[in-house]
Amino acid sequence: MKSVLVAVEEHTLLPQVLETAFALGQAFESYIEGVPVTLDLPTAVPVDMAIGAPLVLDSESRREMVAASRHHFETFMQGRGLARAAGGLSGPSFGWHEGDLTNDTFFGAYARTFDIAVVGRPSSKANHPRLATAESALFESGRPILVVPPATVATFGTSVVIAWNRSTETARAVQLALPVLMRAGQVTVLSLEDWGVEGPAAEDLARSLRRHGIAAQCRTAPPGRNPGEAILKETAALGGDLLIKGAYTQSRLRQLIFGGATSHILANASLPVIMAH
Numbered sequence: 013m014k015s016v017l018v019a020v021e022e023h024t025l026l027p028q029v030l031e032t033a034f035a036l037g038q039a040f041e042s043y044i045e046g047v048p049v050t051l052d053l054p055t056a057v058p059v060d061m062a063i064g065a066p067l068v069l070d071s072e073s074r075r076e077m078v079a080a081s082r083h084h085f086e087t088f089m090q091g092r093g094l095a096r097a098a099g100g101l102s103g104p105s106f107g108w109h110e111g112d113l114t115n116d117t118f119f120g121a122y123a124r125t126f127d128i129a130v131v132g133r134p135s136s137k138a139n140h141p142r143l144a145t146a147e148s149a150l151f152e153s154g155r156p157i158l159v160v161p162p163a164t165v166a167t168f169g170t171s172v173v174i175a176w177n178r179s180t181e182t183a184r185a186v187q188l189a190l191p192v193l194m195r196a197g198q199v200t201v202l203s204l205e206d207w208g209v210e211g212p213a214a215e216d217l218a219r220s221l222r223r224h225g226i227a228a229q230c231r232t233a234p235p236g237r238n239p240g241e242a243i244l245k246e247t248a249a250l251g252g253d254l255l256i257k258g259a260y261t262q263s264r265l266r267q268l269i270f271g272g273a274t275s276h277i278l279a280n281a282s283l284p285v286i287m288a289h
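For what it's worth, the working numbering labels the leading residue of the sequence shown as 13, then goes sequentially.
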């Protein structure tokens with residue numbers, strides 16, 4: 013986890029996002045880069061008098077948004093004593109993505125060149141992180157994302173729970189999170205009865221992790237009415253401070269219609285979550 017990308021947008025969870033990205037960077041002596049993000053909007057759209065003036069991001073508004081985001085990001089990192097990245101600099105450092113205000117599509121693609129992307133837990137509430145940012149990174153980057161909850165957490169990654177549904181997506185999330193797992197004091201492979209797809213059992217994954225020197229244990233729990241709710245409940249009971257899960261084993265459309273574990277966790281997790289698709 014030597015390179016960390018942070019979605020910087022003016023919302024209520026930005027302090028928690030920056031704090032968590034900083035903690036991750038300190039743990040792995042990483043380079044942390046901030047990138048100013050907004051929703052995918054044109055720089056100008058025609059006004060339809062029937063619906064009133066639309067939201068238009070003119071060049072001056074875009075410059076102001078970039079300046080505000082950059083100020084918050086750089087002030088935070090400098091306040092924590094982090095050095096600005098320079099040629100040949102090793103150890104923890106930070107940098108800023110130069111240029112215009114970017115959008116979710118750019119963020120997802122740009123994250124391909126980083127080890128992990130950090131985003132706030134999405135919500136439909138005003139002035140909260142947007143689901144489109146997290147989903148763009150999930151579907152476009154090929155890398156994991158770290159979803160930061162609303163409440164500031166004292167520690168994360170000391171007691172890790174893997175929500176094992178035997179899927180390719182979760183296998184990918186586990187592989188990409190190996191550096192985190194190898195630092196954890198406790199790792200639990202959690203499976204729910206009659207939940208998931210056909211594939212290797214939790215003990216098979218735990219055995220594989222032990223070959224990496226990770227003392228993984230297994231736990232099986234009933235799924236309840238909602239697997240996502242059951243995962244969060246069991247993770248809390250285990251004292252987990254980080255959850256690892258594959259994202260959207262069911263299609264996103266199916267989850268929108270019927271609900272799913274990924275959607276529930278993205279909306280309700282009170283601990284950091286590493287996800288990959």
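Yeah, the Cβ is synthetic: ideal placement off N, Cα and C, and Gly gets one too.
### Task
Identify, in the order they occur along the chain, each residue of the same chain with its Cβ nearer than 8 Å to the Cβ of THR117, setting aside the five sequence neighbours on each side.
Within the same chain, THR117 has close Cβ partners ASP52, SER148 and GLU152.
### Task
Between the Cα of LEU30 and those of TYR43, VAL173, VAL18 and PRO156, spot the shortest distance and give me the residue it belongs to.
Nearest neighbour of LEU30 by Cα position, chosen from TYR43, VAL173, VAL18 and PRO156, turns out to be VAL18.
### Query
Which residues share a DSSP beta bridge with LEU158?
DSSP, once it has assigned bridges, lists VAL130 and ILE286 as partnering LEU158.
### Query
What's the call for ASN280, buried or exposed, on a 16-neighbour Cβ count within 10 Å?
Exposed, by the Cβ-count rule.
### Query
Where DSSP assigns a beta bridge to ILE256, which residues make up the other side?
ILE174 and ILE286.
### Inter-residue spacing [alpha-carbon to alpha-carbon] between GLY208 and ILE157
Roughly 21 Å between the two C-alpha positions.
### Message
With distance defined between alpha-carbon atoms, name the residue in ARG195, ARG222, ALA129 and THR200 nearest to PHE34.
### Response
Ranking ARG195, ARG222, ALA129 and THR200 by Cα distance to PHE34 puts ALA129 first.
### Where ARG231 sits in the DSSP three-state scheme
The DSSP-derived three-state label of ARG231 is strand.
#### Entry: Cβ pair GLY252, VAL173 closer than 8 Å
Yes, Cβ-Cβ distance for GLY252 and VAL173 is below 8 Å.
### According to DSSP, residues forming a beta bridge with LEU79
It is worth fixing the name first, because residue 79 is Ala in this sequence and not Leu. ALA79 is bridged by DSSP to nothing; it lacks a bridge partner.
### Query
So, are the CB atoms of GLU241 and LEU202 less than 8 Å apart?
No.
### Message
Can you look up PHE168 in the DSSP assignment and give me helix, strand or coil?
### Response
Residue state, collapsed to three classes: coil.
### Message
Taking only three categories from DSSP, how would you classify THR180?
### Response
For THR180, the three-state secondary structure derived from DSSP is helix.
### Query
Looking only at C-alpha atoms, which of ALA228, THR182, ALA189 and GLY197 sits nearest to GLU210?
Shortest Cα-Cα distance from GLU210 to any of ALA228, THR182, ALA189 and GLY197 involves THR182.
#### Entry: Delimiting residues of the alpha helix (DSSP H) encompassing LEU36
LEU36: member of the alpha helix (DSSP H) spanning 26 to 40, first to last residue.
#### Entry: Validate contact between the region 68 to 85 and the region 105 to 123 using beta carbons, cut 8 Å, 3 pairs
Yes, the region 68 to 85 is in contact with the region 105 to 123.
### Task
Alpha carbon to alpha carbon, how far is LEU283 from ALA248? Give it in angstroms, no decimals.
In a straight line, the C-alpha of ALA248 is about 9 Å away from that of LEU283.
### Query
Nearest to ILE286 by alpha carbon, out of ALA146, PRO239 and GLU215?
Checked all of ALA146, PRO239 and GLU215; the closest Cα to ILE286 is ALA146.
### Query
What is the residue span of the beta strand (DSSP E) that THR50 lies within?
Per DSSP, the unbroken beta strand (DSSP E) holding THR50 starts and ends at 43 to 50.
### For THR200, three-class secondary structure by DSSP
The answer is strand: DSSP assigns THR200 an E or B state.
### Task
Quick one: grab the DSSP three-state call for ARG124.
DSSP places ARG124 in helix when its eight states are reduced to three.
### Task
Name the two residues that bound the continuous alpha helix (DSSP H) containing ALA248.
Where ALA248 is concerned, the enclosing alpha helix (DSSP H) starts and stops at 239 to 249.
### Query
In the structure shown, what three-state DSSP assignment does GLY103 receive?
DSSP places GLY103 in coil when its eight states are reduced to three.
### Rounded C-alpha distance that separates PHE40 from ALA189
For the pair PHE40 and ALA189, the Cα-to-Cα distance works out to about 12 Å.
### Query
Roughly how many angstroms lie between the CA atoms of ILE277 and ALA163, to the nearest whole one?
If I take the Cα positions, the gap works out to 15 Å.
### Query
With ALA288 and ARG184 assumed to form a contact (beta carbons below 8 Å), what rounded beta-carbon distance in angstroms separates them?
Indeed they touch by this definition, with Cβ atoms about 5 Å apart.
### Query
Going by the beta-carbon positions, is the gap between GLU205 and THR167 smaller than 8 Å?
Taking a C-beta distance under 8 Å as the contact criterion, GLU205 and THR167 do not qualify as a contact pair.
### Message
In this structure, how does DSSP classify ARG96 when only helix, strand and coil are distinguished?
### Response
Secondary structure of ARG96 (DSSP, three-state): strand.
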